[in-house]
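Data block below; observations after.
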Amino acid sequence: MGTLHTKQALLRDERLEGDRNNQCVRILWTGGWDSTFRVLYATWVEGKRVEPHYIVDTTRSSSSRELEAIAEIKDVLKVHNEAAYERISSLEVTPKSEIPEDLEITKSWTQLKKRMHLGGQYDWLARYAKSKKMTALELCVQRDDRTDGIYAFLKKNTEQTPFGTYRLRQEVSGDGVIFARFEFPVLDYSKNEMRDIAKEHGFIEILEKSWFCHEPINGMPCGMCNPCACTVEEGMDYRLSRDAIFRYRTRRYLKVVRQSLVDSRAFRWVYDLLRYGSKRKV
40 MGTLHTKQAL LRDERLEGDR NNQCVRILWT GGWDSTFRVL YATWVEGKRV
90 EPHYIVDTTR SSSSRELEAI AEIKDVLKVH NEAAYERISS LEVTPKSEIP
140 EDLEITKSWT QLKKRMHLGG QYDWLARYAK SKKMTALELC VQRDDRTDGI
190 YAFLKKNTEQ TPFGTYRLRQ EVSGDGVIFA RFEFPVLDYS KNEMRDIAKE
240 HGFIEILEKS WFCHEPINGM PCGMCNPCAC TVEEGMDYRL SRDAIFRYRT
290 RRYLKVVRQS LVDSRAFRWV YDLLRYGSKR KV
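With the working numbering, the residue at position 106 of the sequence shown is 145, and numbering never jumps.
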């Protein structure tokens with residue numbers, strides 16, 4: 040059995056002794072809805088200290104916008120609740136390119152991806168947590184209806200901690216233990232439920248400043264990337280402009296008729312026209 044697997048029990052013992060000292064929440068803060076909700080709830084409602092981490096992915100055009108959102112959220116939080124603001128440590132920013140390689144983790148991620156829908160970020164996030172010797176980095180995976188995705192896997196293979204988060208069950212082995220260094224604080228919630236909680240506690244206006252689009256157009260949500268689609272499909276289309284909603288609906292229609300297009304280049308041409316307009320890629 041590989042090193043990754045044999046150290047699983049040790050990670051669990053260290054998690055409670057180390058990462059939870061003084062109720063400090065270590066979290067991947069993307070500037071998005073889910074992680075921003077967690078940061079605000081932990082500092083505003085629970086009175087916990089938060090140590091936020093951000094990974095710069097230069098392959099995505101949204102990184103600068105996400106960092107702007109985080110800065111704006113902190114500025115507004117300071118005005119509305121300075122005590123909560125003071126509980127947030129300086130953002131620890133790391134370029135993805137600087138995360139050490141780990142062949143064992145990447146191999147496990149590759150095997151998992153064959154069995155479920157699993158984003159590439161779970162490979163480099165697991166490597167990041169290991170490189171920082173963290174055993175309870177919070178990742179904000181929300182509830183969804185997919186049966187072949189990360190939520191379904193976590194719901195089946197995690198248990199609730201004394202702190203209200205979820206972590207991998209002790210009996211889980213094999214490739215799934217790449218998640219052993221994480222905890223999942225919003226696994227029970229949908230975006231709409233988070234919105235209701237934020238309204239109840241008075242920080243909804245701050246939460247609305249979170250960012251979600253991976254490929255913004257002129258600094259605005261595109262309506263075509265997966266996060267934009269999820270935002271619309273969860274009843275939060277008010278966060279997108281009319282143009283973005285049009286692009287979302289057109290893209291959805293095109294996905295339905297794509298199989299009937301004789302030339303797949305026609306689909307790409309229409310997609311690029313929607314995204315880039317007259318400046319579409321050649």
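For every residue, glycine included, the Cβ atom is placed at its ideal position computed from N, Cα and C. Quantities reported herein were computed from a predicted structural model and do not represent experimental measurements.
Based on the DSSP output, what are the partners of residue i in its beta bridges?
| i | result |
| --- | --- |
| R65 | E90 |
| Y292 | Partner(s): none; Y292 has no beta bridge. |
| M233 | Note: M233 sits in no beta bridge, so no partner. |
| M259 | I256 |
| V216 | In the DSSP output, where bridge partners are listed per residue, V216 has none listed. |
| Q199 | Y205 |
| L176 | F221 |
| I127 | V89 |
| P134 | V95 |
Once the 5 residues before and after residue i are set aside, which same chain residues still bring their CB inside 6 angstroms of it?
| i | result |
| --- | --- |
| S147 | D214 and I217 |
| D73 | C179, Q181 and V225 |
| G258 | none |
With distance defined between alpha-carbon atoms, name the residue in the options nearest to residue i.
| i | options | result |
| --- | --- | --- |
| Q181 | A175, K172 and A191 | A191 |
| E232 | T97, R154 and G274 | G274 |
| Y124 | I144, V78 and E140 | V78 |
| L116 | T200, P139, A81 and E140 | A81 |
| I127 | Q150, K113, T133 and A268 | K113 |
| H253 | W83, S100, T75 and F76 | S100 |
| E111 | T75, I144, I138 and V132 | T75 |
| A122 | Y228, E85 and Q150 | E85 |
| L293 | Y205, D311 and F202 | D311 |
| S129 | I144, C269, W83 and L67 | L67 |
| D187 | E272, L151 and R286 | L151 |
Exposed or buried, what is residue i when buried is set at 16 or more other beta-carbons lying within 10 Å of its beta-carbon?
| i | result |
| --- | --- |
| Y32 | For residue 32 there is no data in the structure shown, the boundaries of the chain being 40 and 321. |
| R288 | exposed |
| L142 | exposed |
| Y315 | exposed |
| R290 | buried |
| E222 | buried |
| R65 | buried |
| A237 | buried |
| Y161 | buried |
| K153 | exposed |
For residue i, which residues of its own chain have a beta-carbon under 8 angstroms away from its beta-carbon, when the five flanking residues on both sides are left out?
| i | result |
| --- | --- |
| R220 | L50, A165, A168, K169, M173, T174, A175 and L176 |
| H44 | With a pLDDT of 48 at H44, under the threshold of 50, the predicted position of this residue should be treated as unreliable, and no value is reported. |
| R185 | H156 and A191 |
| C63 | K87, R88, V89 and E90 |
Given residue i, which residues of its chain have a CB within under 7 angstroms of its CB, disregarding the five upstream and five downstream residues?
| i | result |
| --- | --- |
| E105 | T69, G70 and W250 |
| A108 | G70, K248, S249 and W250 |
| D96 | S102 and K135 |
| R208 | N196, T197 and E198 |
| Y228 | Q181 and R182 |
| K230 | W72, Q181, E273 and M275 |
| W83 | N120, A123, H240 and F242 |
Handout entry: Stretch pair the stretch 277-284 + the stretch 249-269: three plus CB contacts closer than 8 angstroms
Key = yes
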